[in-house]
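Numbering (the numbering used here), first residue to last: -8 to 508.
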């Protein structure tokens, strides 16, 4: 089961099926927090905060993060973790970081796999090596860099196709070799009124079945002027390009100056986007916010624009069963009109946003006529009216609850439905601790609407079943820096289909240990 999304608020986390609750539960934050690219699925944390909201188009997630990562009571330089469970789940990783003067550096090795023998070919294997460093030049200018190298296998286990024994298919093992290499100069003061940041990222992905590859380059910078008296002016620039052996080169660039006037009880932002994506464009942006109403609420409204290349590199993060050769070289554009309210009442953080999105080149996924185990990319324009809400409430030191709801109303120009885009999702979670935080417990409930796919034989829309699921996780600190963990996932959702022909794994039970050193 996979998910997708495009709200770039605080951080992006990528998940695959029950990995959403397994892989990142108890990962020690050794040095800097670095983004990692995974081909599994994507879930977005829509964090409630007092700073201006950066709302962009939200492609609804299929499996939101049910159980947020548990903060380690003791963080050391290194971490060893090992777990094993059903169905043939293996989790192992080793991380280590060092600090020497101003330099922070480290590495992480990870393996995660599962193999469901009752379903032919249902299995995945992921392997990661992450290297990272944070330091400063002789003149004091800080920089960060990392290399994220991956070799992942996602089997094409399409159950309906393999049920027909008269059909012959190629090897179902689909291997992705992919990496990200990034160099960043974080936001740094240049003088009393100017600061700036810059980032360059090179990405690569290769698909063994099609013997197809793509190189992807992103460059961005953000000089900013601050008057020191509530007024600031930013000049963000970004450009990206993709080069592949299966489609024409694709690229975009954007210049988005913005003037911001920020007072404790009032924020006003006026700007614009100009650049090239499919064609040259100029688009106004703006936002207004009334803050701390009755000391509890912020009310805001605005308009902005989000652009992302529809490169194979980006799309395969949403759908790992996508056929690379079906992709066209274009850019996805969403013009967003939004309004909402956020607040903090006695420690209960909440946020509600209503938004109307005008969509250009929204990627949908249809069953491929060339290989029915895979999906072809199908582009369409349309609109989406979305409603999103989130609540996070820490009742006391040992008990916290959270919830999220998202609903999308698609209206496509040419297609009957937004194929393989779920419309509704909600989750409610809780976490608690006992025995002076030696025992940590987490649990979550999910409900997801079923997705529509286009039946290739009848040419009609078919709705797959909804998901109704519970998940749980426990961790016990048995010795100093030594922990036991047990995770139980997909308790009631073993028959859910994220993609046509691709049911989720059955109930997953994973247990193991981790040691910080």
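We put the CB at the ideal spot given by N, CA and C, even for glycine.
All figures in this text were calculated on a predicted structure; none of them were measured in a lab.
Residue 284 is classed as exposed because its beta carbon has fewer than 16 other beta carbons within 10 Å across all chains shown. Around the beta-carbon of residue 235, 16 or more other beta-carbon atoms lie within 10 Å, marking it buried.
Beta-bridge annotation (DSSP): residue 81 is paired with 75 and 104. Check the Cα spacing between residue 90 and each of 83, 127, 81 and 465: the tightest is with 127. Taken in chain order, the complete alpha helix (DSSP H) segments of 4 residues or longer contained in the stretch 301 to 351 are 303 to 309. DSSP lists 144 as the bridge partner or partners of residue 166. Cβ neighbours of residue 138 within its own chain (closer than 6 Å, five residues either side excluded): 122 and 172. Residue state for residue 495 is assigned as coil, using DSSP reduced to three classes. According to the DSSP assignment, residue 153 belongs to the alpha helix (DSSP H) that extends over 150 to 154.
The Cβ atoms of residue 114 and residue 106 lie closer than 7 Å to each other.
Sequence-distant Cβ neighbours of residue 189 in its own chain, meaning closer than 6 Å and more than five residues away, are 176 and 212. Residue burial annotation: residue 471 is exposed, with fewer than 16 other C-beta atoms found within 10 angstroms of its C-beta. In this structure residue 142 does not touch residue 109 by the C-beta definition: roughly 26 Å separates them, more than the 8 Å allowed. Non-local C-beta neighbours of residue 158 in its own chain, meaning closer than 7 Å and more than five positions away in sequence, comprise 152, ordered along the chain.
If you draw a straight line from the Cα of residue 390 to the Cα of residue 73, it comes to about 27 Å. A Cβ-Cβ distance of about 6 Å is found for the pair residue 99 and residue 84, placing them in contact under the 8 Å criterion. Nearest in C-alpha terms to residue 199, of all of 179, 316 and 355, is 316.
Looking from the CA of residue 481, the closest CA among 365, 369 and 494 belongs to 494.
Spatial neighbours of residue 380 in its own chain (CB-CB distance under 6 Å, excluding positions within 5 residues in sequence) are listed in chain order as 343 and 396. Around residue 124, the same chain offers 96 and 136 as residues with beta carbons nearer than 6 Å, after the five sequence neighbours per side are excluded. Excluding sequence positions up to five before and after residue 302, its CB lies within less than 7 Å of the CB of 205, 207, 233 and 241, all in the same chain and listed in chain order.
Under the criterion of beta carbons closer than 8 Å, residue 443 and residue 418 do not qualify as touching, at roughly 21 Å. Closest in C-alpha terms to residue 360, from the list 332, 448, 413 and 282, comes 448. DSSP, read as helix, strand or coil, puts residue 159 in coil.
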